[in-house]
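Asker:
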Amino acid sequence: MIYFCSVLSGEAQAVLSVSPQSWLTEGDSVTLSCEVRHSSTGWRFSWYRDGQELVSDSRREAGGSYTLSPAALNHTGVYVCRATRGEPTFDTQSSNPQPLWITGPSPPVSLIIRPGRTRHFINDSLSLSCEGQNDSTGWRVRRYTHSGELLDCTSVWVSVTGYTCNISSLSTSHTGVYWCQSGSGGRSHPLNITVHSEFPVFLYMTLTLSSNISINTSIVLINQNIISIDSFKGIFMSVGSAEAPFSVLSLLSCLVAASPYLLASIILGVKCYRARGENSQ
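Following UniProt numbering, the numbering of the sequence shown begins with 1 at its first residue and continues without gaps.
(1) Going straight from the alpha carbon of residue 168 to that of residue 84, what length do you get?
(2) Taking buried to mean at least 16 other C-beta atoms within 10 Å of its own C-beta, is residue 126 buried or exposed?
(3) One question on the structure: do residue 74 and residue 185 come within less than 9 angstroms of each other, judged by their Cβ atoms?
(4) Over what stretch of residues does the beta strand (DSSP E) that includes residue 64 continue unbroken?
(5) Quick one, which of 107, 80, 87 has its alpha-carbon nearest residue 94's?
(6) From residue 170 to residue 71, what does the alpha carbon distance come to, in whole angstroms?
(7) Do residue 177 and residue 124 have their C-beta atoms closer together than 9 angstroms?
(8) Who does residue 14 pair with in a DSSP beta bridge?
(9) Determine the extent of the beta strand (DSSP E) in which residue 83 is found, giving its start and end residues.
(10) Does the Cβ of residue 117 have 16 or more other Cβ atoms within 10 Å, making it buried, or fewer, making it exposed?
(11) Would you please state the rounded distance, in angstroms, between the beta carbons of residue 191 and residue 113? I believe it to be under 8 angstroms.
The following block contains the structure:
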């Protein structure tokens, strides 16, 4: 007699993704998709929001999807999924947490950050406050970090302008999504704040192309990664063309498509900077 057995390895992992995005306005539609990687089909899926089971996906044998349409304010939370199959049953571990933020079209309170930018650097100070046209007392600043922690902001005081959170010395652990929340569950629009461990490096170059076109380009690098490529505002015209200015975005799109030299020059400049940084270490 020959026996057959099936072994489920620890590689079966539930992975949760969201489409089109995790920040939504009330009334939008959003779909959460749960996939078991390194494994075949036949899974049944369960869904959880803030640790509470929502609904079993046992009737949808084709795969795991959970659609909110229309999305409501009370759908805000941190979602995870799990997959089950077989007799006796085998369960995957919980998936990666996937937060969803649903806000009204005009929240009564806004999250104001000072300085007014979403990219910061270690040891900087940052102030976050919940401010609105009416009394914003009772609102608090909350954050969701990349490690999956949902926290209230500490080191706070209540002032006439609302609820304020002060961080005197930023670290990379402060990177996350911040928003204002009331005791009744109301929320402001969220802001994604990033704290970098290294200061930015600015590279500037002037590229002269054909048809008397010159373009000044600035490249911003943080941790030797390109953060943005910006062109200085201006009107660039090709000889013999109509007297109409290109938009900067349209011009860049055309030049990158038509001139490999432009793209190669940008890449070469970045590589030279990185090589110089490695040699100095």
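Ideal placement from N, C-alpha and C gives every residue a C-beta, glycine not left out. Please read all numbers here as calculations on a predicted model, not as lab measurements.
Answerer: Taking the structure as given:
(1) Working through the sequence shown from its first residue, we reach residue 168 at position 168. Working through the sequence shown from its first residue, we reach residue 84 at position 84. When rounded, the distance between both Cα atoms is 46 angstroms.
(2) Taking the sequence shown and counting its residues from 1, one reaches residue 126 at position 126. The residue in question, residue 126, is buried, as its Cβ has 16 or more Cβ neighbours within 10 Å.
(3) Translated into positions along the sequence shown, residue 74 becomes position 74. Translated into positions along the sequence shown, residue 185 becomes position 185. Yes, Cβ-Cβ distance for residue 74 and residue 185 is below 9 angstroms.
(4) Counting from one through the sequence shown, the residue named residue 64 turns up at place 64. Element bounds for residue 64: 64-68.
(5) Your numbering for residue 94 matches position 94 in the sequence shown. It is 80 whose Cα lies nearest to the Cα of residue 94.
(6) The sequence position of residue 170 within the sequence shown is 170, counting from 1. The sequence position of residue 71 within the sequence shown is 71, counting from 1. So the two alpha carbons sit approximately 34 angstroms from each other.
(7) For the purposes of this step, residue 177 is taken as residue 177 along the sequence shown, with counting starting at 1. For the purposes of this step, residue 124 is taken as residue 124 along the sequence shown, with counting starting at 1. For residue 177 and residue 124, no; Cβs fall outside 9 angstroms.
(8) For this step, residue 14 is matched to residue 14 along the sequence shown. DSSP lists 36 as partners of residue 14.
(9) Taking the sequence shown and counting its residues from 1, the one referred to as residue 83 is at position 83. First-last of the beta strand (DSSP E) with residue 83: 77-85.
(10) Translated into positions along the sequence shown, residue 117 becomes position 117. The residue is exposed, with fewer than 16 neighbouring Cβ atoms inside 10 Å.
(11) Reading the sequence shown from its first residue, position 191 is the one you call residue 191. Reading the sequence shown from its first residue, position 113 is the one you call residue 113. About 6 angstroms separates the two Cβ atoms, so the contact holds.
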